[in-house]
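Visitor:
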Amino acid sequence: MLLTDGELREQVGKLEGWRLESGAMVRKYMFSDFMKGIAFVDEVATISEAFDHHPHITIDYKTVILRLATSEEDGIGITALDVREAHEFNEAFEKTR
Numbered sequence: 219m220l221l222t223d224g225e226l227r228e229q230v231g232k233l234e235g236w237r238l239e240s241g242a243m244v245r246k247y248m249f250s251d252f253m254k255g256i257a258f259v260d261e262v263a264t265i266s267e268a269f270d271h272h273p274h275i276t277i278d279y280k281t282v283i284l285r286l287a288t289s290e291e292d293g294i295g296i297t298a299l300d301v302r303e304a305h306e307f308n309e310a311f312e313k314t315r
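Read left to right, the sequence shown gives residues 219 to 315 (the numbering used here).
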């Protein structure tokens, strides 16, 4: 079930670095070198497989951008699953950087 606007603002407000953009949650992660960013993307892939929910990933040298949204009957938006996964990505970032 998609989150309401109020739920969405509350949940995303608790997530460090994440913002709302065009119906999705987006975060830009910066790394000290390219290989640390790639190691992080490997962690993101493992987490995503466990959730069976995959973000859009953009890699630009030392920057990794993740975009999360869910397609449901109600349309495309953000669910509690997106929020839980974003928390996991932030934890992986803390370990990787």
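Even for Gly, the Cβ is constructed at its ideal location relative to N, Cα and C.
Can you tell me which residues form a DSSP beta bridge with Ala242?
Guide: In the sequence shown, counting from the first residue as 1, residue 242 sits at position 24. Paired residue(s): Glu239.
Visitor: If you draw a straight line from the alpha carbon of Val282 to that of Glu234, how long is it in whole angstroms?
Guide: Here residue 282 corresponds to residue number 64 of the sequence shown, with the count starting at 1. Here residue 234 corresponds to residue number 16 of the sequence shown, with the count starting at 1. In a straight line, the C-alpha of Val282 is about 15 Å away from that of Glu234.
Visitor: Consult DSSP for Asp251 and reduce its assignment to one of helix, strand or coil.
Guide: The residue you call residue 251 lines up with position 33 of the sequence shown. Asp251: coil per DSSP, three-state reduction.
Visitor: Compare the Cα-Cα distances from His272 to each of Asp278, Ala263, Lys280 and report the closest residue.
Guide: Walking along the sequence shown from the start, residue 272 turns up at place 54. Considering only alpha carbons, the answer is Ala263.
Visitor: Taking 8 Å as the cut-off, does the stretch 249–259 touch the stretch 295–303 (at least 3 CB pairs, one atom from each stretch)?
Guide: Touching, no.
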